[in-house]
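Per full-length UniProt numbering, the very first residue in the sequence shown carries number 1; after that it's consecutive. For every residue, glycine included, the Cβ atom is placed at its ideal position computed from N, Cα and C.
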Amino acid sequence: MDFKYVEEYVYLSEKAGTLYGIHFQNNPKPQAKLLYCIKGRGIDYAVDLRRDSPTFLKWVCVELSEENRKQIFIPKGFGHVFISLEDNTKNVMRIDESFDSHKQA
């Protein structure tokens with residue numbers, strides 16, 4: 001996988017059940033993302049939002065936690081949602097394109 005990130009964010013979900021998403025960035029600078037959990041645990045969902053894709057609207061989910069050390073790669077054109085399962089869950093998100101507030105959805 002050839003993924004070079006340009007920005008890295010650490011975000012905190014103070015309460016279990018906090019929903020972050022659904023987030024994606026439109027053209028002309030869609031983002032790929034790599035996410036993992038450094039404290040607590042939660043579930044991350046990725047959904048294919050590319051209308052011309054044979055997997056359009058198909059989705060996957062993975063539990064991320066500091067214990068299981070899993071990561072999820074979210075390709076360009078996918079939306080993603082994170083739901084915290086514990087208080088004070090911290091995640092790291094690396095993105096390959098800078099955020100553009102005019103292209104965020």
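Per-residue DSSP class, three states only, for residue i
i     : result
Phe99 : coil
Glu14 : coil
Short Cβ contact (8 Å threshold) for residue i with residue j
i     : j     : result
Val81 : Tyr36 : no
Tyr11 : Asn91 : yes
Glu7  : Ser98 : yes
Phe24 : Asp96 : no
Gln31 : Lys76 : yes
Beta-carbon proximity list for residue i, same chain, < 6 Å, skipping 5 on both sides
i     : result
Ile72 : Leu35, Asp44 and Val62
Per DSSP, the bridge partner or partners of residue i
i           : result
Ile43       : Glu63 and Ile83
residue 141 : There is simply no residue 141 to check, as the chain begins at 1 and stops at 105 in what is shown.
Using a Cβ distance threshold of 8 Å, determine whether the stretch 35–54 contacts the stretch 70–90, with at least three qualifying pairs required.
yes
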